[in-house]
Structures are given as structure tokens and as C-alpha cells.
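First comes the structure, then the notes that go with it.
Numbering (this note's numbering), first residue to last: 197 to 414.
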């Protein structure tokens, strides 16, 4: 039962218990928790204001041995990717590992792959704490684009809600800088489209990118 404060929670709890009694339903006491400040949900920990990585997953990552096959890399990247919203540079760091999982590439595990693996482990074990959404307005998205990939940060009221990034597709590697910037804007708008509306978001690159397009067309 979610409530915004203690008084509201006490009232909510009373309503639920009275409803159970009315319908002659019974809750087992040992399966109930009351006045909980933090709740585990889908391998995350959620409190009243913030989102955290589940400590159990952090422990698993700390003990993860270096991969020796493409399959083992995919398994690790599967877990790391699940928490990519906590890692601002996930796609950039993971690029050398992702290449090793491609079908036509010979598997090579060298110092660069090991370095990327250890950095991803460290980033996940030291994951930033993200803020929870407050309503559906006051969003700001900061976009970044380079030959190494696209990145974006979703913020609300000067608090980080999530990070997102991806590697460039082969045809995008030939894009000009302003085309990549436009691509970053589109990427951010698509990936968080369920969170915000067109009326509620300010994107830091959108004016610059479209201005460049206008100049080029003229």
C-alpha cells in the first residue's frame, strides 16, 4: 500500500483491513510488512524518493569472473544492460565487449576488453542513485553525440531520472556532427516517450541541431 505520508498510510491501511474483514478475507500476519521505507521491485530498491540497484545483484557482479567465451560476455552484458539507466557511458564502455559477441569476429580477450569489463563492474557496484518521477512535467533532456555513440540524460527538477546510450549503427558513422546531434535528440525522445509529452520537455541540443539544418538547407 503506497502512501505519501504516515497519516495517509494509517488511513489507507485501515480502509484495506476493513475491506478484508467485510469480505471475510484474511491476511497472514507473517506475510505482511508494515511501515516499510524501502521496497524491492524488479531487482531494484525503491524508497520514497530514489531508485537503487539491488545489493544482491551488486554482490553477484563483484564475484563475476572474466568471460572466456562470447556466450559468457552476452550473459554479463545482459545483466549490465539491465541497469544501464544508472550508467551514463554504458554503450561507450561496452563497445569493445559487444564486438566480441558478433558472429563474424574472432574471439579475442585482451587488455582493452578486460579493462572495459572491470570498468562496467565498477560502475555497477558504485551505481549512482536515481531520483523518482514527480508528476509529468519539468523534464529536461541533455543529449550528446560523437563517433563513439549517442547519449542522453533525463532530468526533472535538476535531479537525474535516467541515463541512456547506444552505439552508432554502421551507416551512422558517416553522419555529420549536426546529423548525429539530431539522431541523439530522436533517440532520447523515443526511448523515454512513455514518460513525457511533447509539451513538457526541453532538449538542450534540439535548437542548435535544427539551426544547423536550416543553415545547410539555405
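Glycine is no exception: its CB is placed at the ideal position from the N, C-alpha and C atoms.
Because the structure is a prediction, the values reported are computed rather than measured.
Cα-Cα separation between residue i and residue j, rounded to whole angstroms
i	j	result
residue 320	residue 221	43 Å
residue 201	residue 231	10 Å
residue 229	residue 209	11 Å
residue 290	residue 313	8 Å
residue 316	residue 259	13 Å
residue 213	residue 246	28 Å
residue 302	residue 342	27 Å
residue 375	residue 298	27 Å
residue 406	residue 384	Because the pLDDT of residue 406 is 48, which lies under 50, any placement of that residue in the model is unreliable, and the question is left without a value.
residue 264	residue 296	11 Å
residue 329	residue 307	40 Å
Three-way DSSP call (helix, strand, coil) for residue i in this model
i	result
residue 345	strand
residue 292	helix
residue 236	strand
residue 315	helix
residue 219	coil
residue 229	coil
residue 285	coil
residue 306	coil
residue 322	coil
residue 366	helix
residue 206	helix
residue 298	coil
residue 278	helix
residue 391	coil
residue 263	coil
residue 373	helix
Residue(s) in a DSSP beta bridge with residue i
i	result
residue 246	327
residue 340	347
residue 356	351
residue 199	None, per the DSSP bridge assignment.
residue 361	347
residue 241	236, 248
8 Å contact criterion, which residue i and residue j should meet: CB distance rounded
i	j	result
residue 356	residue 327	6 Å
residue 282	residue 198	Going by Cβ atoms, the distance from residue 282 to residue 198 rounds to 23 Å, so no, they are not a contact pair.
residue 223	residue 216	6 Å
Residues near residue i in its chain [Cβ-Cβ closer than 7 Å; skip 5 each side]
i	result
residue 293	269, 273, 309, 312, 313
residue 250	236, 239, 240, 241
Contacting residues, own chain, Cβ-Cβ under 6 Å from residue i (five flanking each side not counted)
i	result
residue 285	none
Own chain, CB closer than 8 Å to residue i, minus 5 neighbours either side, in chain order
i	result
residue 387	348, 360
residue 227	none
residue 369	343
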